[in-house]
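K.L.:
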Amino acid sequence: MTIKLISLLTGLGMSALLIGCGSAQDGANGNPGGPVGVVHDHEAEHDHDVPGPHGGHIIVLGDEAYHAELTHDEATHTVAVYLLDKTGKTPISDSPEELVLQVFEKGDFADHVLKASDREGMYAVIDEALCDMLSHDEPLRGRIRVTIAGQEYVGIVEHAAHASGDEATHDHGAEDAEHDQSRG
Numbered sequence: 000m001t002i003k004l005i006s007l008l009t010g011l012g013m014s015a016l017l018i019g020c021g022s023a024q025d026g027a028n029g030n031p032g033g034p035v036g037v038v039h040d041h042e043a044e045h046d047h048d049v050p051g052p053h054g055g056h057i058i059v060l061g062d063e064a065y066h067a068e069l070t071h072d073e074a075t076h077t078v079a080v081y082l083l084d085k086t087g088k089t090p091i092s093d094s095p096e097e098l099v100l101q102v103f104e105k106g107d108f109a110d111h112v113l114k115a116s117d118r119e120g121m122y123a124v125i126d127e128a129l130c131d132m133l134s135h136d137e138p139l140r141g142r143i144r145v146t147i148a149g150q151e152y153v154g155i156v157e158h159a160a161h162a163s164g165d166e167a168t169h170d171h172g173a174e175d176a177e178h179d180q181s182r183g
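Numbering that gives the first Met the number 0 puts the first residue of the sequence shown at 0, with every later residue one more than the last.
What follows is the structure, given as structure tokens:
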């Protein structure tokens with residue numbers, strides 16, 4: 000009887016490990032869901048609320064293996080994503096040709112393909128409507144999908160609505176940061 004009990008408990012334990020709490024495909028369709036990868040407290044490592052090296056929003060890719068920095072320039076309608084290393088500060092050298100920024104609109108994802116630019120780790124698209132979505136008061140949800148060194152990484156994008164009067168302190172990119180410094 001002890002062997003049957005041990006076998007049963009082992010089988011249940013293995014099933015729990017195989018099933019887990021979700022998969023990298025969670026949020027593949029519809030609602031973007033939660034972050035992909037292992038969720039852990041890493042506040043001591045670095046702060047994702049601090050603007051990235053180009054003044055944009057930092058997004059975790061996978062389990063902190065890489066980061067993406069989302070920026071937009073209202074003057075040129077350019078939306079850019081910089082692929083950064085695990086520190087969130089240095090562009091990666093193993094850059095793919097493109098990445099996809101998926102924005103959750105009207106109950107589904109709209110794909111925006113950003114192509115590699117001449118700047119290391121930078122991907123960009125000129126898209127006035129997308130830039131406007133990032134520039135205005137509505138919250139934005141989506142994800143960044145990219146394949147690096149043969150492995151797909153997904154990062155959750157949650158761009159909060161700007162509070163009234165927040166435009167002077169909300170950093171939209173390096174150009175806005177320079178503009179804000181010249182104003183005050």
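Just so it is clear, CB atoms sit at the ideal spot from N, CA and C, and this is done for glycine as well. All values derive from a computational prediction rather than experimental measurement.
Below 8 Å, how does it come out for the stretch 96 to 116 and the stretch 50 to 57: are there three or more Cβ pairs, yes or no?
P.N.:
The answer is no - the stretch 50 to 57 does not touch the stretch 96 to 116, with fewer than three Cβ pairs under 8 Å.
K.L.:
Taking its Cβ as the centre, do 16 or more other Cβ atoms sit within 10 Å of Val112, making it buried, or is it exposed?
P.N.:
With fewer than 16 Cβ atoms within 10 Å of its Cβ, Val112 is classed as exposed.
K.L.:
With DSSP as the reference, label Asp40 as helix, strand or coil.
P.N.:
Any reading at Asp40 must be qualified, since the residue scores a pLDDT of 38, below 50, and its modelled position is unreliable; the value itself is stated next. In this structure, Asp40 counts as coil in the three-state DSSP scheme.
K.L.:
For the beta strand (DSSP E) containing Asp72, name the first residue and the last one.
P.N.:
Segment Tyr65 to Asp72, the beta strand (DSSP E) holding Asp72.
K.L.:
For Asp131, name the three-state secondary structure that DSSP assigns.
P.N.:
Helix.
K.L.:
Can you give me the Cβ contacts of Ile125 inside the same chain, cut-off strictly under 6 Å, excluding the 5 residues immediately before and after it?
P.N.:
Once the five neighbours on either side are set aside, the close Cβ partners of Ile125 are His76 and Thr77.
K.L.:
My understanding is that Arg144 touches Glu151, with C-beta atoms under 8 Å, so please give their C-beta distance in whole angstroms.
P.N.:
Arg144 to Glu151, Cβ: 7 Å. Contact.
K.L.:
CB Tyr122 to CB Ile91, shorter than 9 Å?
P.N.:
No; because the gap between Cβ atoms is not below 9 Å, this pair is not in contact.
K.L.:
How many whole angstroms separate the CB atoms of Leu133 and His158, which I take to be in contact at a CB cut-off of 8 Å?
P.N.:
Between His158 and Leu133 the Cβ distance is about 6 Å, and since that is below 8 Å, they are a contact.
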